[in-house]
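Right, one structure below, let's go through it.
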Amino acid sequence: MTADLKFTPRIDFVTLLSYAAVAYRRQGGRCPSAEILVNALLKAEKSAKQQRLTYPFESLLGKWQLSFVTGTNKVRKRGGILLGKGFYVPKFITVSVSFNATLSEDSGRGEIANQVEFGPVLLKLTGPVQYSTKKNLLAFDFNHMVISLFGRVVYNRPIRFGKVKTEDFYNQPIAKLPFFGFFSVTKDFIAARGRGGGLAFWIRET
5 MTADLKFTPR
15 IDFVTLLSYA
25 AVAYRRQGGR
35 CPSAEILVNA
45 LLKAEKSAKQ
55 QRLTYPFESL
65 LGKWQLSFVT
75 GTNKVRKRGG
85 ILLGKGFYVP
95 KFITVSVSFN
105 ATLSEDSGRG
115 EIANQVEFGP
125 VLLKLTGPVQ
135 YSTKKNLLAF
145 DFNHMVISLF
155 GRVVYNRPIR
165 FGKVKTEDFY
175 NQPIAKLPFF
185 GFFSVTKDFI
195 AARGRGGGLA
205 FWIRET
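Below, the structure written as structure tokens:
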């Protein structure tokens, strides 16, 4: 269920994103419409660039539930991409991402775990990350998969579609790897643009 909120001097993008995080977490909460939330995310991204905001790696650590995402559409005549309308992730499926520091947090190195839960099925992908505070870019690669059914692990092994081997990962330029460019990071939610151009909005799992 969505609410038709609009930007006003009293409802800026920070307030609206905070409201969206609370509403999505609350059972029966009325979230802002997809259009309104996309506009808020774009305003947050623009503001972060103008203010040259940077976020330390430690501010991303923890587990976050994906609540909203946009797709992208290629524009052949103009070149480049356009954002799709975006949608809230249905409550009957849980998609989450977690970041952990494997060394000191100052190194910007750690591990990512991307997890999807749908009924009795759980799919989890893990791999290394490297984070650049200067540009708030977090590069990652998945190299291991775990599948569980009714809490029992039925598949647990390395996967081959990772871009590079783990030992070579940290020698790769971030621009050549999958990455998220974070533009809004708070204790309750984070937001980023992916390498493909789409936007994602996560809330902290409680």
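With this note's numbering applied, the sequence shown corresponds to residues 5 to 210, in that order. We put the beta carbon where it would ideally sit given N, CA and C, even for glycine. All values reported here derive from a predicted model rather than from experimental measurement.
When the options are compared against residue i, the one with the closest alpha-carbon
i	options	result
L57	F187, T106, C35, Y28	F187
L203	A195, Q31, Y92	A195
L153	F122, N175, Y59, S111	F122
T106	S37, G33, L65	L65
T19	G201, T190, R199, T210	T190
L126	K138, G185, F96	F96
G131	Y174, T74, K180, D192	Y174
F103	K47, R29, S63, N140	S63
K47	A38, V26, D16	D16
Q176	G90, Y135, E209	Y135
I151	G32, F193, I163	I163
Q31	F184, N140, P94, R156	P94
Strand pairing of residue i, partner residues [DSSP]
i	result
I97	F122
E115	N104, P132
V157	S152
I207	Q69, F193
F91	V73
P182	Beta-bridge pairing links P182 to no other residue.
P177	Paired residues: none, contrary to the question.
G198	F184
S144	According to the sequence as given, residue 144 is Phe; it is not Ser. Looking at the DSSP assignment, F144 forms a beta bridge with V133.
Residues near residue i in its chain [Cβ-Cβ closer than 8 Å; skip 5 each side]
i	result
R161	H148, M149
P182	A143, F144, D145, K167, G198, R199
V101	K67, W68, L70, I116, A117, N118, Q119, W206
T137	T58, Y59, P60, F61, G112
Y28	C35, S71, F72, Y92, I207
With 16 other Cβ atoms within 10 Å as the buried cut-off, status of residue i
i	result
V158	exposed
V4	There is simply no residue 4 to check, as the chain begins at 5 and stops at 210 in what is shown.
K128	buried
S111	exposed
P36	buried
G83	Low confidence applies to G83: its pLDDT is 43, below 50, so where it sits in the model is not reliable enough to give any reading.
V79	The predicted position of V79 is uncertain, since its pLDDT is 42 and thus under 50; a value taken from the coordinates is nonetheless stated next. Exposed: under 16 other Cβ atoms inside 10 Å.
K81	Note that K81 has pLDDT 41, beneath the 50 cutoff, so the model's placement of it is unreliable and the number below is only indicative. Per the 10 Å Cβ criterion, exposed.
Q54	exposed
G114	buried
T210	exposed
Spatial neighbours of residue i in its chain, beta-carbon cut-off 7 Å, leaving aside the 5 residues before and after
i	result
A52	F187, S188
P124	L153, F154
Own chain partners of residue i with C-beta closer than 6 Å, once the 5 adjacent residues on each side are dropped
i	result
F205	S71, F72, A195
E49	F187
A24	C35, P36, L41
T98	E121
A44	F17, L20, L21
Beta carbon proximity, residue i to chain B, threshold 8 Å
i	result
A204	Judged by its chain identifiers, the structure shown contains no chain B, having just a single protein chain.
Segments assigned alpha helix (DSSP H), at least 4 residues, entirely inside the stretch 17-75: 17-29, 38-55
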